[in-house]
Each structure stands twice: as structure tokens, then as C-alpha cells.
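**Student:** A single structure is presented below for examination.
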Amino acid sequence: MANLRRHQRKFLHRKAGKLKFVRAAIVQFENLSKTYQVGPNVINALRDVSLTISEGEYVSIMGPSGCGKSSMLNVLGCLDRASTGRYLLGGSDVSVMDDDSLSSIRGARLGFIFQSYNLIQQLTVIENIEVPLYYQGRGATESRELAIELATLVGLQARLDHKPFELSGGQQQRVAIARALVNDPLVLLADEPTGNLDSTSGTDILKLFDDLNRQGKTIIMVTHDQNVARHTKRAIRLRDGQVESDGPPA
Ligand SMILES: Nc1ncnc2c1ncn2[C@@H]1O[C@H](COP(=O)(O)OP(=O)(O)OP(=O)(O)O)[C@@H](O)[C@H]1O
Ligand SMILES: [Mg+2]
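Residue numbering for the sequence shown follows my numbering, starting at 5 and increasing by one per position.
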């Protein structure tokens, strides 16, 4: 009897130990497909994809041109809807939401980082970072404090009043990262974030992503570059709209 109890305790302990590491699912694709109709032709950009990405993961999406990477990122980012199947983002089924709800989800729960930075040229660093807060109707003082905090986090505290044209490519991408973080998004979605940068600036940006992920931020990044994917912890490789492999990067 005593042995049995000890055995049970061990089992429970192991179970509890496992539970400690269970993380919430942030992204769930269930049999998700995306088709485009071009004239009489139907293009299957994503075909019956099922996958889960959990809180704190750092994921790269890879694969040859035309395999469906941008289509997947567009669906992930609620910029486009799946044709069939379900997409749960943070547990909410976004596949049934209307355009207005999708747009507020994008503003409140997602952070985007693009290859070409997509900053507003007339605005300063600090104003660019504040843009998403403005759309949320947040107070000016609170917004300014948060923007300064994030500018400092990405190492731009000495550049707050600079306009994008007065910054290097790497610095512009840092502004974009701070802007993407300002709403404390569920997930950061990055599309070739180092694609326009020289290798030193690219490495600095990847170090910043590594730090953010270490602090718990969930990151999903499209990249062609094996050396970039190596920074991530999980590589999802697509081929012809399907998941060809899913595991640690090569
Ligand atoms: N808006 C669209 N209308 C019609 N077909 C599209 C559209 N967008 C993408 N496609 C097609 O869907 C397939 C997947 O395209 P997608 O842009 O997702 O590929 P990708 O992996 O991002 O490629 P790349 O590495 O070249 O950016 C391709 O065959 C493409 O031609
Ligand atoms: Mg693409």
C-alpha cells in the first residue's frame, strides 16, 4: 500500500511537472485551406493545413517561392480569411468574424513587422511608435511614456525626434519592432524582417528578436534564409500549400 502511494505520488509529481510546461495555444489552424479564383482557375495556396503554435514559441515559415508563405502569414495576421477550415487566435474563432472585428483584432492583438519597415515618413520615431495606440484611442501621456519605454528597449532612446529618412535601415526596423510591440500583442508576425538589411544590421535585429522571445514573446517569421531560420526554434516548411516538415530548423 505504501509502495502504491509512493508510486502514485511520483506519477502525480511527474504529471504536475509536465503541466507546468503546458503553454496556451495562440494559433490553431484546423484543416485550413486558402484558394484564389483567377478567371476560370482555382489556385490552392494552402491545402488542409492543421497546426498549433503556442505561447512563447519562435517559429519560422519557410519554403520555395509560391508555396504559400505569404498566404499563410496573411491569414495568420487576419489580413485575409481562410476559404475553408477554422482559425482560432488566442482561443477566438476569427474565421467567422466580419471585417470590422478582424480589423480590431489586428490592432489589438497582433504586431506586424515588414521587410520594408512601413514607417510613416512624416512622423518622428516616437510618433511612429505611438500610431497603433492612437487608433486604440489611448491617452496622450500614457502613449508617450510607453513609446519612450519601447524606443529605449530597441536602443533608440537617442533618436526619438528623428524622422525615418534620418535613420539607417536597421534603426528603421527597430522603430517598426517597437511599434509592433506597443499593444503588447499576442504574437509578432514578421515578413522577411532582415531582407533589406546588410548582414550586421540583420544580425542585430535577429538578436533583438532572440531577446524578445527569451522574454516570452511569441514570434512567427517568414524567411527564405536558412541562417535566419536558425535563430528560431521551430521551422514550418511549406510545399505546394501543405506542411512538408515541422520541427527544429536545419
Ligand atoms: N491574390 C492572389 N490571387 C491569386 N493567386 C494568388 C494570390 N496570392 C497568391 N497567389 C498564388 O498562391 C500561391 C501561393 O502564393 P504565396 O504568395 O503565398 O507564395 P509565397 O510562398 O509567399 O511565395 P514568395 O516566396 O515568392 O513570396 C502561388 O501560386 C500564387 O501565385
Ligand atoms: Mg511571399
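Idealized CB from N, CA, C, for every residue including glycine. These numbers were taken from a predicted model, which means no experiment stands behind them.
Can you give me the Cβ contacts of residue 179 inside the same chain, cut-off strictly under 8 Å, excluding the 5 residues immediately before and after it?
**Tutor:** Around residue 179: 121, 123, 129, 132, 133, 155, 158, 160, 168, 171.
**Student:** Is it right to say residue 14 is buried, meaning 16 or more other beta carbons lie within 10 angstroms of its own, or is it exposed?
**Tutor:** Reliability fails at residue 14, whose pLDDT of 39 lies under 50, so the model's placement of it is uncertain and no value is given.
**Student:** I want to check one thing, is the minimum distance from the CB of residue 74 to the heavy atoms of ligand 2 below 8 Å?
**Tutor:** Indeed, a heavy atom of ligand 2 lies less than 8 Å from the Cβ.
**Student:** Quick check: the Cα distance between residue 200 and residue 193, rounded to an integer number of angstroms?
**Tutor:** Going from the Cα of residue 200 to the Cα of residue 193 covers about 17 Å.
**Student:** Is residue 57 close to ligand 1? I mean its beta-carbon at under 8 Å from any heavy atom of the ligand.
**Tutor:** No, ligand 1 has no heavy atom inside 8 Å of this Cβ.
**Student:** Say whether the region 45-54 touches the region 208-216, bearing in mind that this needs 3 or more beta-carbon pairs closer than 8 Å, one atom from each stretch.
**Tutor:** Taking 8 Å as the limit for Cβ pairs, the verdict is that the region 208-216 does not touch the region 45-54.
**Student:** Would you check whether ligand 1 has a heavy atom nearer than 8 Å to the C-beta of residue 69?
**Tutor:** Checking every heavy atom of ligand 1 against the Cβ of residue 69, one is found closer than 8 Å.
**Student:** Residue ranges of each beta strand (DSSP E) run of no fewer than 3 residues wholly in the region 27-99, ordered along the chain?
**Tutor:** Listed in chain order, the complete beta strand (DSSP E) runs (minimum 3 residues) inside the region 27-99 are 29-42, 45-58, 62-66, 88-93.
**Student:** Give the range of the beta strand (DSSP E) segment to which residue 165 is assigned.
**Tutor:** Residue 165 -> no beta strand (DSSP E), and no H or E assigned at all.
**Student:** What are the boundary residues of the alpha helix (DSSP H) that residue 129 is part of?
**Tutor:** Residue 129 -> alpha helix (DSSP H) spans 129-139.
**Student:** Please list the terminal residues of the continuous alpha helix (DSSP H) segment that includes residue 214.
**Tutor:** Element bounds for residue 214: 203-218.
**Student:** From 73, 69, 59, 87, pick the residue whose C-alpha is nearest to that of residue 93; which is it?
**Tutor:** Considering only alpha carbons, the answer is 59.
**Student:** Of the choices 29, 116, 50, whose alpha-carbon is the least far from that of residue 89?
**Tutor:** Nearest C-alpha to residue 89: 50.
**Student:** With DSSP as the reference, label residue 158 as helix, strand or coil.
**Tutor:** Note: residue 158 maps to coil in three-state DSSP.
**Student:** Name the residue from 239, 244, 243, 87 whose alpha carbon lies nearest to the alpha carbon of residue 251.
**Tutor:** Nearest option by C-alpha distance: 239.
**Student:** Within the present structure, is the beta-carbon of residue 226 separated from the nearest heavy atom of ligand 2 by less than 8 Å?
**Tutor:** Residue 226 Cβ: within cutoff of ligand 2.
**Student:** DSSP state of residue 245, grouped into three classes?
**Tutor:** In the structure shown, residue 245 sits in coil (DSSP, three-state: anything other than H, G, I, E or B).
**Student:** Quick one: is residue 57 near chain C, going by C-beta distance under 9 Å?
**Tutor:** Going by chain labels, chain C is absent from the structure shown, which holds only one protein chain.
**Student:** Tell me whether residue 9 is buried or exposed, calling it buried when 16 or more other Cβ atoms sit within 10 Å of its Cβ.
**Tutor:** Confidence in residue 9 is poor, its pLDDT being 41 and thus under 50, which makes the residue's placement too unreliable to answer from.
**Student:** How many angstroms separate the CA atom of residue 184 from the CA atom of residue 174?
**Tutor:** Taking the straight line from one Cα to the other gives about 15 Å.
**Student:** For residue 40 versus residue 31, is the C-beta spacing smaller than 9 Å?
**Tutor:** Not a contact, by the Cβ cut-off of 9 Å.
**Student:** Going by beta-carbon coordinates alone, are residue 118 and residue 44 separated by less than 9 Å?
**Tutor:** Contact flag unset, no.
**Student:** Measuring straight from C-alpha to C-alpha, what distance separates residue 229 and residue 150?
**Tutor:** The straight-line gap from Cα to Cα measures roughly 33 Å.
**Student:** Using a Cβ-based criterion (distance less than 8 Å to any ligand heavy atom), does residue 242 qualify as near ligand 1?
**Tutor:** Answer for residue 242: yes, Cβ within range of ligand 1.
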